[in-house]
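A short worksheet on the structure shown next.
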Amino acid sequence: MIDNQLRIHISRGSITSLVSQSLMVVSLGTTATIATQRLSLHSTMTYEVIDNVAAQGVPYYTPAQDPPAGTQTSGSTKLFSPITIRGVTFPNRLFLAPLCQYSAKDGHATDWHLTHLGGIIQRGPGLAMVEATGVQKHGRITPQCVGLWQDSQIEPLKRIVTFAHSQNQKIGIQLSHAGRKASCVAPWLSVNAVAAKEVGGWPDAIFGPSAIAQEDGVNPVPTAFTKETIEELKSDWVAAAKRAITAGFDVIEIHAAHGYLLHQFLSPVSNQRTDAYGGSFENRIRLLLEIIDLVRAAIPETTPVLVRVSATDWFEYDEDLSKEFPESWTVDQTCMLSRLLPKHGVDLVDVSSGGVHPKSAIAIKPGPAYQVNLAKEVKRAVGEEILVSAVGGIKTGALAEETLQSGIDVVRAGRWFQQNPGLVRAFANELGVEVKMAQQIDWAFKGRGKGEKKSSL
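Okay, so the sequence shown: first residue is 606 according to this note's numbering, each after it adds one.
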């Protein structure tokens, strides 16, 4: 019981103590409005300091997330079990695949990228991955794609990395060059139309392994890389990787899939060179391995390196197309390549497919988990020498868990995260397990603090 009105405003940092039934406040450089009156207490009041603790190492306030969102708190699944790569621990095995957003300005990431990735990161993917990022200006898919060919592009990406780390999450970036598929328009505008100079395109400055267009009559015939421009490419790839480390990324991925430049060098469909970078299997994989070696040497030993590959051009599965394209990139060649990757410091190979020619789409048979069998073939070939991830049509928790139980190490989802940023919780609910979300989200579903009611004054 309080005899008279007691009015106290205490800022954080004040020290309170009860002395002779009077409340004394000592303010440590903070404001305090005090009206001290004698107290009559029927019982001793106890209190504890309850603080919404701040995340550390962040230039702004946000609540700490410990454990991070995406951590399994009850139940037992492989999907939500952690995985550690080069000492970096990821809370679960459901990774966000890179998703091009076609929303950058002169290669600089924008607030769209922050909010697109941020909403997913809050909800706990094992790893978030920034979209295909051009290592050269003319290596972007569209004029609105992200790049890391100059220092000014570091800061906008660093802002995204800082947010991810503020949430105790891991984030990577996919480094890429579009090759002969560069200077296109955003996919909602056209299937494969070329971006003209009037809209920022560079149709006269497209490069590829050979002077062969992606599609005759649609895409420009690219200029074949010379030995000199190959050396420039390798230097620029390393420079982009160093910028990514400066931005704070936890993981680097090298894009060698979907018909972009490094896939173009791998496939005889697009690579008809007669020098050291064309012809034999060993020659066609040479550029990829050289870039991997250079990137691996340029970044910290503790940074995981991932490589995304197209396991097949799909022509091997279609009788008519196999006659039209008797030489193409096949699953057997992917297995051979994947067995070599651990010796070059690669930690995980992500198995996708297709993209090197428009007719690849004819042979693809899309459906639930339609690329998982390709990943299984690669995993059988490499065993425990390297981690393998599967991607494509893995749109339910049951499919994801089944894929992992078959021996695959990680599953990735792209469009399904785009459609539902809360995919982690959705898969967990489906599998009957509990996973943590960010504090600001979790409490609304799990209720207010369950501790004993005590005053924090």
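All C-beta atoms, glycine included, are put in the ideal place defined by N, C-alpha and C.
**OP:** With Phe700 as the anchor, note down where its beta strand (DSSP E) starts and where it stops.
**Re:** Here residue 700 refers to the residue found at position 95 when the sequence shown is read from its first residue. Note, Phe700: beta strand (DSSP E), Leu699 to Leu701.
**OP:** Would you list, in sequence order, the uninterrupted alpha helix (DSSP H) runs of no fewer than 4 residues that lie entirely inside the segment 935-983?
**Re:** Those alpha helix (DSSP H) runs which fall completely within the segment 935-983 and span 4+ residues are 936-945 and 965-968.
Subject >> Per DSSP, the bridge partner or partners of Cys789 >> reply: By one-based count along the sequence shown, residue 789 stands at place 184. DSSP output for Cys789 lists Val799 as bridge partner(s).
**OP:** Give the range of the alpha helix (DSSP H) segment to which Ala1018 is assigned.
**Re:** Indexing the sequence shown from 1 puts residue 1018 at position 413. Segment Val1015 to Ala1018 is the beta strand (DSSP E) holding Ala1018; no alpha helix (DSSP H) there.
Subject >> C-beta atoms of Ala659 and Ala669 nearer than 8 angstroms >> reply: Along the sequence shown, one-based indexing puts residue 659 at 54. Along the sequence shown, one-based indexing puts residue 669 at 64. Their beta carbons are under 8 angstroms apart, which means Ala659 touches Ala669 by this criterion.
Original post:
Quick one, are the C-beta atoms of Pro1026 and Gly724 less than 8 angstroms apart?
Top reply: Within the sequence shown, numbered from 1, the residue matching residue 1026 stands at position 421. Within the sequence shown, numbered from 1, the residue matching residue 724 stands at position 119. In this structure, Pro1026 lies near Gly724, with their beta-carbon atoms less than 8 angstroms apart.
**OP:** State the start and end residues of the unbroken alpha helix (DSSP H) segment that holds Gly784.
**Re:** Taking the first residue of the sequence shown as position 1, residue 784 is located at position 179. The continuous stretches of alpha helix (DSSP H) do not include Gly784, and DSSP gives it neither H nor E.
Subject >> Contact belief for Val900 with Ile859 at Cβ below 8 angstroms, rounded distance in angstroms >> reply: Taking the first residue of the sequence shown as 1, we reach residue 900 at position 295. Taking the first residue of the sequence shown as 1, we reach residue 859 at position 254. The beta-carbon distance between Val900 and Ile859, rounded to whole angstroms, is 7 angstroms. This is short enough to meet the 8 angstroms contact definition.
Subject >> Nearest candidate by alpha-carbon position, reference Glu906, set Arg913, Glu929 and Val951 >> reply: Position 301 of the sequence shown, counted from the first residue, corresponds to residue 906. Of the listed residues, the one whose Cα sits closest to Glu906 is Val951.
Subject >> Own chain partners of Val735 with C-beta closer than 6 angstroms, once the 5 adjacent residues on each side are dropped >> reply: Here residue 735 refers to the residue found at position 130 of the sequence shown. Cβ contact annotation for Val735 (same chain, cutoff 6 angstroms, sequence separation greater than five): Ile778, in chain order.
**OP:** Mind the definition here: the segment 726-734 touches the segment 1043-1054 only if three or more C-beta pairs lie below 8 angstroms; say whether that holds.
**Re:** As far as the Cβ criterion goes, the segment 726-734 touches the segment 1043-1054, which means the pair count is three or higher.
**OP:** Following the continuous alpha helix (DSSP H) through Gln1010, name the residue where it begins and the one where it ends.
**Re:** As a first step, residue 1010 must be located in the sequence shown, where it is residue number 405. Gly1002 to Gln1010 is the extent of the alpha helix (DSSP H) around Gln1010.
**OP:** Provide the residue(s) that pair with Ala995 in DSSP beta bridges, ordered along the chain.
**Re:** Taking the first residue of the sequence shown as 1, we reach residue 995 at position 390. Val956 and Val1016, per the DSSP bridge assignment.
**OP:** State the DSSP-derived secondary structure class of Pro655, mapped to helix, strand or coil.
**Re:** Sequence index remark: in the sequence shown, residue 655 carries index 50 (1-based). Rather than Pro, the amino acid found at residue 655 in this sequence is Ile. The answer is coil: DSSP assigns Ile655 none of H, G, I, E or B.
**OP:** Please report the Cβ distance between Asn797 and Val823, rounded to the nearest whole angstrom; I am assuming they are in contact, meaning their Cβ atoms lie under 8 angstroms.
**Re:** As a working note, residue 797 is residue 192 in the sequence shown. As a working note, residue 823 is residue 218 in the sequence shown. Taking a contact as a CB-CB distance under 8 angstroms, the pair Asn797 and Val823 counts as one, their CB atoms being some 6 angstroms apart.
Original post:
To the nearest angstrom, how far is it from the Cα of Met941 to the Cα of Phe920?
Top reply: Reading the sequence shown from its first residue, position 336 is the one you call residue 941. Reading the sequence shown from its first residue, position 315 is the one you call residue 920. Separation of Met941 and Phe920 (C-alpha to C-alpha, rounded to the nearest whole angstrom) is 18 angstroms.
**OP:** Please name the residue, chosen from Ala791, Leu911 and Glu836, that lies closest to Ala995 on a Cα-to-Cα basis.
**Re:** To locate residue 995, count along the sequence shown from 1; it is residue 390. If we check each option's Cα against that of Ala995, Leu911 comes out closest.
Subject >> Top-ranked residue by Cα proximity to His868, from Lys786, Val766, Ala844 and Ala1031 >> reply: Start at 1 with the first residue of the sequence shown, and residue 868 comes out as number 263. Among Lys786, Val766, Ala844 and Ala1031, the Cα nearest to that of His868 is on Lys786.
Original post:
In whole angstroms, what is the alpha-carbon distance linking Lys984 and Val1016?
Top reply: One-based indexing of the sequence shown puts residue 984 at position 379. One-based indexing of the sequence shown puts residue 1016 at position 411. Each residue's CA atom was taken as its position, placing Lys984 and Val1016 some 13 angstroms apart.
**OP:** Answer yes if the segment 754-773 comes into contact with the segment 840-856, meaning at least three C-beta pairs across the two stretches below 8 angstroms, and no otherwise.
**Re:** Below 8 angstroms, enough C-beta pairs join the segment 840-856 and the segment 754-773 to call them touching: three or more.
Original post:
What's the gap between the Cα of Val740 and the Cα of Ile655?
Top reply: Along the sequence shown, one-based indexing puts residue 740 at 135. Along the sequence shown, one-based indexing puts residue 655 at 50. A straight-line Cα-Cα distance of about 48 angstroms links Val740 and Ile655.
Subject >> Proximity to Tyr865 [Cα-Cα], best of Ile969, Leu780, Pro792 and Arg764 >> reply: Mapped onto the sequence shown, residue 865 falls at position 260. Closest by alpha carbon: Leu780.
Subject >> Length of the line joining the Cα atoms of Gln677 and Asn773 >> reply: As a working note, residue 677 is residue 72 in the sequence shown. As a working note, residue 773 is residue 168 in the sequence shown. Each residue's Cα considered, the two are about 15 angstroms apart.
Original post:
Just to confirm, are Asp1014 and Leu979 a CB contact at a threshold of 8 angstroms?
Top reply: Indexing the sequence shown from 1 puts residue 1014 at position 409. Indexing the sequence shown from 1 puts residue 979 at position 374. Result no, Cβ atoms of Asp1014 and Leu979 do not sit closer than 8 angstroms.
Original post:
Between Ser815 and Phe870, what straight-line distance do the alpha-carbon atoms span, to the nearest angstrom?
Top reply: Working through the sequence shown from its first residue, we reach residue 815 at position 210. Working through the sequence shown from its first residue, we reach residue 870 at position 265. Distance from the CA atom of Ser815 to the CA atom of Phe870, rounded to whole angstroms, is 9 angstroms.
Subject >> Gly739: first and last residue of the uninterrupted beta strand (DSSP E) it sits in >> reply: In the sequence shown, residue 739 corresponds to position 134, counting from 1. Taken as a continuous stretch (DSSP letters only), the beta strand (DSSP E) holding Gly739 covers Ala733 to Gly739.
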